[in-house]
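Residue numbers (my numbering): 3 to 386.
Structure record follows, encoded as structure tokens.
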């Protein structure tokens, strides 16, 4: 996937003790100062679909989405991995249960974790972090589902975040999929920026986490899934192509729909990418797309059944950047906390994964209005 390229994985050049002190100073100051800046409309991606798609206000969906946080126990590594889940309850809820709103997602951003993963800067102290309470973005009523059983026979979708992502990166998509009858599970992988468990454990990786999660879904939660799917963003696309068998349906967002080892990926696959993504070039993208993928045009992609293997390439000046595809609440948290670090990261030539572009565009919502209906339609077509 794009994030596993040598340009990011290699040891970054350290430019002296003074620069490291500067980064530490800015990181520490960001703990006590909220650096939020107002959204800017420049380059905001606008939908270009001839048959305008329904939004979550008008689409035929359940008006109650349950959110539940799980702890996935991996005793061999002595860690508990957080997993965010979304579903619509099977049972009819009484008015009192429906009124239990006020759901928030407990999100954490660790500057130490970011510095360690991007630039091997391990001198930043653990306390340089900030906790956020993210609100759901759906128009549906959202309730806590801790006391509710999981639906037993729904299609199950895993959500795989990218490098320095979080389990809430695709929460806006999860909310919509849940309202449409899917059960969604979003684990926090070792490359997360949250740093909520010890990831410095040999052998702990995404495959181990997903295998344990699938065992839990079927054995412990009693879900007899009618089908399985996975949506990955960026590095999560590699997770998507390496998880499951040919019966799975996959969506790869801002990442290649192929495996790095060259093994052919079976099943249904939809790829969504943008040429305004700083990690993508036209020649590189074309070299990675299998010849049997059907190119979907933005204006007409929702006019007919979607092909089993298809790709949407947004190609325009205001197209989404790498993190435009993520939920606005997660992106806003990054903007408010990490903006002071951007000039330092750029001075040290540390990859910022289009954070600088998104700081200007603020186009998660506009991008979601196009991408979420597409992904939802694709998963419903092949999984329901």
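Idealized CB from N, CA, C, for every residue including glycine.
* **DSSP-derived helix/strand/coil call for residue 53** => In the chain shown, counting from the first residue as 1, residue 53 sits at position 51. Since pLDDT at residue 53 reaches only 49, below the 50 mark, its modelled position is unreliable, and no value is offered.
* **Length of the line joining the Cα atoms of residue 400 and residue 245** => Past the edges of the chain, shown from 3 to 386, lies residue 400, and the structure says nothing about it.
* Candidates 105, 147, 136, 115: closest to residue 93 by CA position -> What you label residue 93 is simply residue 91 of the chain shown in a count that begins at 1. The option with the nearest alpha carbon to residue 93 is 147.
* Would you tell me roughly how many angstroms separate the C-alpha atoms of residue 205 and residue 251, rounded to the nearest one? => Here the question's residue 205 lines up with position 203 in the chain shown. Here the question's residue 251 lines up with position 249 in the chain shown. Taken atom to atom, the span from the alpha-carbon of residue 205 to that of residue 251 is near 27 Å.
* Looking at C-beta atoms only, is the number of pairs between the segment 154–162 and the segment 351–363 that lie closer than 8 Å three or more? -> Under the Cβ criterion (8 Å, minimum of three pairs), the segment 154–162 does not count as touching the segment 351–363.
* **Straight-line gap, residue 296 to residue 65 (C-alpha atoms, nearest Å)** => Locating residue 296 in the chain shown gives position 294, where the first residue counts as 1. Locating residue 65 in the chain shown gives position 63, where the first residue counts as 1. If you take the alpha carbons of residue 296 and residue 65, they lie about 35 Å apart.
* Report yes or no: do the segment 162–171 and the segment 179–186 share at least 3 C-beta pairs separated by less than 8 Å? => Between the segment 162–171 and the segment 179–186 there are fewer than three inter-stretch CB-CB distances shorter than 8 Å, so the stretches are not counted as touching.
* Would you mind sorting residue 217 into buried or exposed? The rule is 16 or more other CB atoms within 10 Å of its CB. => The residue given as residue 217 occupies position 215 in the chain shown. Looking at its Cβ environment, which holds fewer than 16 other Cβ atoms inside 10 Å, residue 217 is exposed.
* To do: Give a yes or no on whether the C-beta atoms belonging to residue 241 and residue 267 are separated by under 9 Å.
  => Looking up residue 241 in the chain shown gives position 239. Looking up residue 267 in the chain shown gives position 265. Note that the C-beta distance between residue 241 and residue 267 is not below 9 Å.
* Asked: Going by DSSP, which residues form a beta bridge with residue 276?
  -> As a working mapping, residue 276 is identified with position 274 in the chain shown. Residue pairing by DSSP places residue 276 opposite 316 in a beta bridge.
* From the DSSP output, which residues share a beta bridge with residue 84? -> Numbered from 1 along the chain shown, position 82 holds the residue referred to as residue 84. Answer by DSSP bridge pairing, in chain order: 73.
* Answer yes or no: the CB of residue 182 versus the heavy atoms of the ligand GTP, is any distance below 8 Å? => Of the ligands one can find in the structure shown there are none, so the ligand GTP has no counterpart to examine.
* Give me the Cα-Cα distance between residue 106 and residue 346, rounded to the nearest whole angstrom. => As a working note, residue 106 is residue 104 in the chain shown. As a working note, residue 346 is residue 344 in the chain shown. Residue 106 and residue 346 have their alpha carbons spaced roughly 32 Å apart.
* When DSSP labels each residue in this structure, what does residue 174 get in the three-state scheme? -> Looking up residue 174 in the chain shown gives position 172. The answer is helix: DSSP assigns residue 174 an H, G or I state.
* What residue does the alpha helix (DSSP H) around residue 377 start on, and which one ends it? -> Taking the chain shown and counting its residues from 1, the one referred to as residue 377 is at position 375. Run containing residue 377: 366–385, per the alpha helix (DSSP H) assignment.
* To do: My understanding is that residue 74 touches residue 85, with C-beta atoms under 8 Å, so please give their C-beta distance in whole angstroms.
  => In the chain shown, residue 74 corresponds to position 72, counting from 1. In the chain shown, residue 85 corresponds to position 83, counting from 1. The beta-carbon distance between residue 74 and residue 85, rounded to whole angstroms, is 5 Å. This is short enough to meet the 8 Å contact definition.
* If we call anything under 9 Å between Cβ atoms a contact, is residue 238 one with residue 264? -> Locating residue 238 in the chain shown gives position 236, where the first residue counts as 1. Locating residue 264 in the chain shown gives position 262, where the first residue counts as 1. Taking 9 Å as the Cβ cut-off, residue 238 and residue 264 do not qualify as a contacting pair.
* Asked: Where residue 324 and residue 317 are concerned, what is the direct C-alpha to C-alpha distance, given to the nearest angstrom?
  -> The count along the chain shown starts at 1 and reaches residue 324 at position 322. The count along the chain shown starts at 1 and reaches residue 317 at position 315. Separation of residue 324 and residue 317 (C-alpha to C-alpha, rounded to the nearest whole angstrom) is 13 Å.
* **Classification of residue 117 by the beta-carbon crowding that lies within 10 angstroms, buried from 16 upward** => For the purposes of this step, residue 117 is taken as the residue at position 115 of the chain shown. Buried is the label assigned to residue 117, since at least 16 other Cβ atoms lie within 10 Å of its Cβ.
* Measure from the alpha carbon of residue 219 to the alpha carbon of each residue in 375, 72, 368, then state which is nearest. => Residue numbering aside, residue 219 sits at position 217 when the chain shown is read from its first letter. Cα-wise, what sits closest to residue 219 is 72.
* **Simplified DSSP assignment, three categories, for residue 233** => For the purposes of this step, residue 233 is taken as the residue at position 231 of the chain shown. Residue 233 falls in the strand class under three-state DSSP.
* Inter-residue spacing [alpha-carbon to alpha-carbon] between residue 112 and residue 328 -> Counting from one through the chain shown, the residue named residue 112 turns up at place 110. Counting from one through the chain shown, the residue named residue 328 turns up at place 326. In this structure, the straight-line span from the alpha carbon of residue 112 to that of residue 328 is close to 18 Å.
* Of the listed residues 207, 270, 289, nearest to residue 383 (C-alpha basis) -> The sequence position of residue 383 within the chain shown is 381, counting from 1. Ranking the options by Cα distance to residue 383, first place goes to 270.
* Over what stretch of residues does the beta strand (DSSP E) that includes residue 189 continue unbroken? -> The count along the chain shown starts at 1 and reaches residue 189 at position 187. For residue 189, the enclosing beta strand (DSSP E) begins and ends at 185–189.
* What distance in whole Å lies between the Cβ atoms of residue 275 and residue 232, which are believed to be in contact at a cut-off of 8 Å? -> Locating residue 232 in the chain shown gives position 230, where the first residue counts as 1. Locating residue 275 in the chain shown gives position 273, where the first residue counts as 1. About 17 Å; that fails the 8 Å criterion.
* To do: List the DSSP bridge partners of residue 255.
  => The sequence position of residue 255 within the chain shown is 253, counting from 1. Per DSSP, 235, 274.
* **Rounded separation between residue 81 and residue 214 - CA only** => Here residue 81 corresponds to residue number 79 of the chain shown, with the count starting at 1. Here residue 214 corresponds to residue number 212 of the chain shown, with the count starting at 1. Each residue's alpha carbon lies about 12 Å from the other.
* **Inter-residue spacing [alpha-carbon to alpha-carbon] between residue 373 and residue 301** => As a position in the chain shown, residue 373 is number 371, starting the count at 1. As a position in the chain shown, residue 301 is number 299, starting the count at 1. When rounded, the distance between both Cα atoms is 13 Å.
* First and last residue of the uninterrupted beta strand (DSSP E) at residue 116 -> Position 114 of the chain shown holds residue 116. Element bounds for residue 116: not the beta strand (DSSP E) but the alpha helix (DSSP H), 113–121.
* Under 9 Å between the Cβ atoms of residue 311 and residue 272? -> As a first step, residue 311 is located in the chain shown; it is residue number 309 there, counting from the start. As a first step, residue 272 is located in the chain shown; it is residue number 270 there, counting from the start. Yes. Within cutoff.
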